[in-house]
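Chains as they are written, first to last, in the numbering used here: chain A, 1135 to 1387; chain B, 1135 to 1387.
Yeah, the Cβ is synthetic: ideal placement off N, Cα and C, and Gly gets one too.
All figures in this text were calculated on a predicted structure; none of them were measured in a lab.
This report refers to the structure that appears directly beneath it.
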DNA sequence: ATGTCTTTGTGAACGCGTGCACAAAGATGG
DNA sequence: CCATCTTTGTGCACGCGTTCACAAAGACAT
C-alpha cells in the first residue's frame, strides 16, 4: 500500500526545507509591512521579532535562498521582498477556483488576502443549480458541470475545496483529473490523491480540539498545583475557570 | 504545525508529544465514522488508512495514551472514542466566543463542526454598533464593549479572532486580560501573548503561498525534465526558473 | 492444553529542525 | 590603510518525531 500519499514529498524541494518554506510567507508579510513604511534595511534580529521567530532560525532560513544580506548592515528590504516573492512563485499570477460556495466558500471569495498577492479567483463553483449565475464577491457562481471546462480554459492548477465533507473527495477527484495539482481543503475529510498532487488541510475543529487539550491540561495542572516551584507567572490569578461543573476525573498514572 | 507563539513550552504535555496531540482529532473523526457504522473493532492498519497516516505511527500515538488495544484483534471502537474524547477534553463543553463577525466570522458561526462536539458558541462579538443585536446563526451579535463581561459571565477560556489584521492584537489583549487562555487566530498577524496562553493560527494566504511554492517547483522540474545536465549543480541558480515570461516587474514599491 | 496466527506495543536507529556560538565579512572611523 | 565594531552565515550538537522490525500477547482452532 502506497502510504506515501498526500503529505511530505520527502524530497526536500530544491534543497529548501519544508519548515523553511512554511515560514517564508511570514517573513514576506513582515517585510511588506516594512516596505510600506519605507524602511530600507532590517537586521535579522528586528525581522525575526516582527515575524515571531528566532533570529538564528531566520538567518538559516535565508541562507537556503542565498546570501542576500550584508554583514554589519542587515538585509535590504525591497530586495528581500523580491527574492522571497520569486522563490514562492508569487511573481506570477495563480488562477484559483473555489468549489462549494456556502458560508465558508463565500467568505473565502470575499477574503481580500486572495487577490492581494499572486492569486486571482478565476471562478466560483457550486453544485446547487439555484446558485448558478448569482454573483458572490462580484463573481458569478458557475455550476459544477462546468468544472472541467473552467479548469482547462483558465489553466487552473490550484483548487480550494469548501464543500461539505461528503462532497470533498469526489470534487477532489474531478479537480485532479482536470489538471489541478495543488489543493487547499477546508472540508473535514482526509483526501486521497495521486502522487504529485499536494494537499494542504485547514480544519477548524481540529485546531479547536488541540486547544481544548491544552486548555484541559492547564486546568488540571492548576487544580493540582500547590507546591510548584514554577517561576512567577504573570497570570492574573484567575479564581476558577471551570466552565460548567463537571470536573474531569483525575488523571491516571 | 505547532503555532504556539513565543516558545513551545518544551514541556511535553503530560508526556504526550505535541505531534501526537495534533493527530488525535484525526483519529477521533475516523473512529466516529466507524462508530456510526456500528463497526465494533478496528485494526491499527485499517484505522491508519482511514486517518491517512502510517500504522506504526498510529500505534505509537495510542501507546502514549495507554494500552487500549487487544493483540490479535485490534481496538474497540467505542472505547477508543471515549478515551480520545476524554484525553482531548471533549467530554466537557467548552464555551467559545467569536470576535469579528464579518464574512469569515459569520461563516464560522454557522459552521456545524463547532457545536457538534465539545464546543458551544457562547457569544458573537463585533465592534460595529450596527451589528449589535442582529442575529447570526441564531445568535444575536453583541457589541465589543461587552467583551469582558461576556468572557467572565460565561467562563470562556477559548476565543476565536476573525477580525481584520489591525484589530487582532488589541482584541487578543482584551481577551487575555479577561481570562481567555487559548486563542484561535484567523487574522493575518503574529499575535503576542503572555506565557501560559496558547495561540493557534489559521492563515489562508500562507497556505496558498506554500502551495504556490510547490506548484512552481513542479512546473520548473517539468520544464527542465529534458535537460539531464543537472548532475553536479548543487547551486542551480538563476537560468531556469520561470515557466512563463521570467522576471516580471517587481511588486509595486 | 498446545500450537498457530494475528496484531499490538515498543526498543532502536535515523533524519530533520532548532538553537548556540563563533569565525568571516564588510562597514565605519581615525 | 588599519583598527574596531556590527551583523551575517554556518558548523555543530541536541532533541523530537518517524519508521522499522520484532518480541510479547492474546484469539482461535484442533
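Give a yes or no on whether 9 Å exceeds the smallest Cβ distance from residue 1301 (chain A) to chain B. Counting from one through the first chain, the residue named residue 1301 (chain A) turns up at place 167. Cβ-Cβ to chain B under 9 Å: no for residue 1301 (chain A).
Candidates A:1295, A:1322, A:1224 and A:1343, of which the one nearest residue 1337 (chain A) by Cα: Position 203 of the first chain holds residue 1337 (chain A). Comparing Cα positions, the closest option is A:1322.
Under three-state DSSP, which class holds residue 1165 (chain A)? Against the first chain, residue 1165 (chain A) aligns to sequence position 31. Residue state, collapsed to three classes: helix.
To which residues of the same chain is residue 1274 (chain B) closer than 6 Å at the C-beta, ignoring the five residues directly before and after it? Translated into positions along the second chain, residue 1274 (chain B) becomes position 140. 1267.
At a CB-CB cut-off below 7 Å, which residues of chain A make contact with residue 1247 (chain B)? For this step, residue 1247 (chain B) is matched to residue 113 along the second chain. Here the neighbours are 1322, 1338 and 1339.
Cβ pair residue 1339 (chain A), residue 1251 (chain B) closer than 9 Å: In the first chain, residue 1339 (chain A) corresponds to position 205, counting from 1. In the second chain, residue 1251 (chain B) corresponds to position 117, counting from 1. For residue 1339 (chain A) and residue 1251 (chain B), yes; Cβs fall inside 9 Å.
Could you tell me the alpha carbon to alpha carbon distance between residue 1317 (chain B) and residue 1208 (chain B), rounded to whole angstroms? As a working mapping, residue 1317 (chain B) is identified with position 183 in the second chain. As a working mapping, residue 1208 (chain B) is identified with position 74 in the second chain. When rounded, the distance between both Cα atoms is 36 Å.
Would you report the Cα separation of residue 1179 (chain A) and residue 1305 (chain B), rounded to the nearest angstrom? Here residue 1179 (chain A) is taken as the residue at index 45 of the first chain, counted from 1. Here residue 1305 (chain B) is taken as the residue at index 171 of the second chain, counted from 1. Spanning the two alpha carbons is a distance of roughly 27 Å.
What first and last residue would you give for the alpha helix (DSSP H) that runs through residue 1215 (chain B)? Here the question's residue 1215 (chain B) lines up with position 81 in the second chain. Note, residue 1215 (chain B): alpha helix (DSSP H), 1211 to 1222.
Anything in the region 1159 to 1170 of chain B with a Cβ closer than 9 Å to a Cβ of chain A? List those residues in chain order, please. 1159, 1160, 1162, 1163 and 1164
Separation of residue 1223 (chain B) from residue 1168 (chain B), as counted between CA atoms: Working through the second chain from its first residue, we reach residue 1168 (chain B) at position 34. Working through the second chain from its first residue, we reach residue 1223 (chain B) at position 89. About 21 Å.
Under 9 Å between the Cβ atoms of residue 1197 (chain A) and residue 1162 (chain A)? Taking the first residue of the first chain as position 1, residue 1197 (chain A) is located at position 63. Taking the first residue of the first chain as position 1, residue 1162 (chain A) is located at position 28. For residue 1197 (chain A) and residue 1162 (chain A), no; Cβs fall outside 9 Å.
In chain order, what residues of the same chain lie with their CB nearer than 8 Å to the CB of residue 1185 (chain A), ignoring the 5 residues before and after it? Within the first chain, residue 1185 (chain A) is the residue found at index 51, counting from 1. Only 1157, 1160, 1161, 1163, 1164 and 1192 meet the Cβ criterion.
Would residue 1255 (chain A) pass as an interface residue toward chain B - the criterion being a Cβ-Cβ separation below 9 Å? For this step, residue 1255 (chain A) is matched to residue 121 along the first chain. With 9 Å as the cut-off, residue 1255 (chain A) does not count as an interface residue toward chain B.
List the endpoints of the continuous alpha helix (DSSP H) containing residue 1195 (chain A). Position 61 of the first chain, counted from the start, is the residue given in the question as residue 1195 (chain A). That run of the alpha helix (DSSP H) goes 1189 to 1199.
Could you tell me the distance, in whole angstroms, from the CA atom of residue 1467 (chain A) to the CA atom of residue 1177 (chain A)? For residue 1467 (chain A) there is no data in the structure shown, the boundaries of chain A being 1135 and 1387.
What are the boundary residues of the alpha helix (DSSP H) that includes residue 1352 (chain A)? Reading the first chain from its first residue, position 218 is the one you call residue 1352 (chain A). Here the alpha helix (DSSP H) through residue 1352 (chain A) covers 1338 to 1358.
Residues in the region 1281 to 1292 of chain A with C-beta within 8 Å of chain B's C-beta atoms, listed in sequence order? 1291 and 1292
For residue 1274 (chain A), the first and last residue of its enclosing beta strand (DSSP E): Here the question's residue 1274 (chain A) lines up with position 140 in the first chain. Here the beta strand (DSSP E) through residue 1274 (chain A) covers 1273 to 1277.
Just to confirm, are residue 1310 (chain A) and residue 1298 (chain A) a CB contact at a threshold of 9 Å? The sequence position of residue 1310 (chain A) within the first chain is 176, counting from 1. The sequence position of residue 1298 (chain A) within the first chain is 164, counting from 1. Contact flag unset, no.
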